[in-house]
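Numbering (our numbering), first residue to last: 1 to 323.
From the three backbone atoms N, C-alpha and C, an ideal C-beta is built for every residue, glycine too.
Please read these numbers as outputs of a predicted model, since none were measured by experiment.
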């Protein structure tokens, strides 16, 4: 049965304020689909195993790099032999279903998350096709997280895991990126409202619940975009989240905010395991790291036609220096 407080949250007219209120007053580190739908957030599956879904840019807003084309991009042999590179690419195999994996400490999960991030980011940064690097082929560009978390900083960086006096697992947003292209004068400019996040959480991720920090980071970025007048003509603000957690796992979340109605839609993938460096999950995550947002293909008109009233829509060198 819904509490009086639940009813108060639902009566909040602004959806973003409604979600932020839920986050700030929560005494639990995650939320179920029912709990989110109770306050008006639509939740659906991010069907990564269905090619029809992946290839439909009205449902899968961030189009992943082609699974066959990406195999043409490889780390050059001379670079793969660098000592630092070897350490990042030499990812030991683990059994995510073992008893040990299920009893890892937060610091051990943190170490595994960093290993996975380093492996992914090294591939994204140094894979090349001839003289062209994959990372330079794409328009993703890092922005300073301090620009975003002016008000709700706990939802990007948890410090020692304390959120409003409640002990939650520690987390961190490692990368916030926007899509930039060059104008006729050769200057970079943001072509649209899309944001890509990379998040890690020092705990085992629940398969049937979204983590507080996943939802918090999404909501904070949406609130940030909503304050930027240059993006008010766009009817939808899309967010892509690549989320890592224990035992050595992760998932992909696509979020979208409908500016006119204030609706928020989430599409959440199944949990993916990174048991060894040849696991297909690594390729899938890499393809979405190298994905194209709606505005990259000049799909402004298509973006304008999209609506989450239909099915819910859903690393950079600086990171390596922080490792």
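Euclidean distance between Cα positions of residue i and residue j
i, j, result
"residue 188", "residue 101", "44 angstroms"
"residue 190", "residue 98", "45 angstroms"
"residue 324", "residue 214", "Summary: the structure shown does not reach residue 324, with the chain confined to residues 1 through 323, and so no result is reported for it."
"residue 273", "residue 104", "16 angstroms"
"residue 217", "residue 155", "5 angstroms"
"residue 198", "residue 184", "31 angstroms"
"residue 83", "residue 49", "36 angstroms"
"residue 260", "residue 44", "21 angstroms"
"residue 409", "residue 118", "Nothing about residue 409 can be read from this structure; the chain reaches only from 1 to 323."
"residue 33", "residue 253", "13 angstroms"
"residue 242", "residue 58", "20 angstroms"
"residue 195", "residue 225", "9 angstroms"
"residue 86", "residue 107", "23 angstroms"
"residue 17", "residue 25", "12 angstroms"
"residue 285", "residue 227", "30 angstroms"
"residue 281", "residue 81", "24 angstroms"
"residue 296", "residue 140", "10 angstroms"
Limits of the unbroken alpha helix (DSSP H) element including residue i
i, result
"residue 285", "280 to 289"
"residue 225", "212 to 226"
"residue 109", "106 to 126"
"residue 53", "51 to 54"
"residue 145", "145 to 148"
"residue 84", "83 to 89"
"residue 23", "15 to 25"
Nearest-angstrom beta carbon gap, residue j and residue i [assumed within contact, 8 angstroms]
i, j, result
"residue 173", "residue 143", "Not confirmed; about 11 angstroms, so no contact."
"residue 202", "residue 54", "Their Cβ separation, rounded to whole angstroms, is 30 angstroms, which puts residue 202 and residue 54 out of contact at 8 angstroms."
"residue 204", "residue 246", "4 angstroms"
"residue 73", "residue 134", "5 angstroms"
"residue 88", "residue 122", "4 angstroms"
"residue 115", "residue 91", "6 angstroms"
Cut-off 7 angstroms between Cβ atoms - residues of its own chain near residue i, not counting five sequence neighbours on either side
i, result
"residue 15", "40, 262, 263, 264"
"residue 138", "290"
"residue 145", "156, 173, 176"
Neighbourhood of residue i by C-beta distance below 6 angstroms, restricted to the same chain and skipping five residues each side
i, result
"residue 126", "75, 79"
"residue 269", "46, 48, 251, 252"
Residues near residue i in its chain [Cβ-Cβ closer than 8 angstroms; skip 5 each side]
i, result
"residue 249", "96, 204, 205, 271, 272, 273, 274"
"residue 112", "94, 104, 246, 247, 248"
"residue 67", "283, 287"
"residue 221", "148, 176, 195, 197, 239"
Extent of the continuous beta strand (DSSP E) to which residue i belongs
i, result
"residue 261", "That residue, residue 261, is in no beta strand (DSSP E); it is neither H nor E in DSSP."
"residue 196", "188 to 204"
"residue 34", "From DSSP, residue 34 is part of no beta strand (DSSP E) but of the alpha helix (DSSP H) over 33 to 38."
"residue 240", "236 to 246"
"residue 42", "42 to 45"
Distance cut-off 7 angstroms: residue i Cβ against heavy atoms of the ligand NAD
i, result
"residue 258", "Summarising the ligand content, the structure contains no ligands, and the ligand NAD is consequently not present."
Min CB distance residue i to chain B below 8 angstroms
i, result
"residue 222", "In the displayed structure, chain B is absent; only one protein chain is listed."
Worksheet item: Is it a yes or a no for the stretch 21 to 40 touching the stretch 223 to 234, going by three-plus beta-carbon pairs under 8 angstroms?
Response: no
Item to complete: May I ask you to verify whether the stretch 53 to 63 touches the stretch 283 to 293, counting CB pairs closer than 8 angstroms and requiring at least 3?
Response: yes
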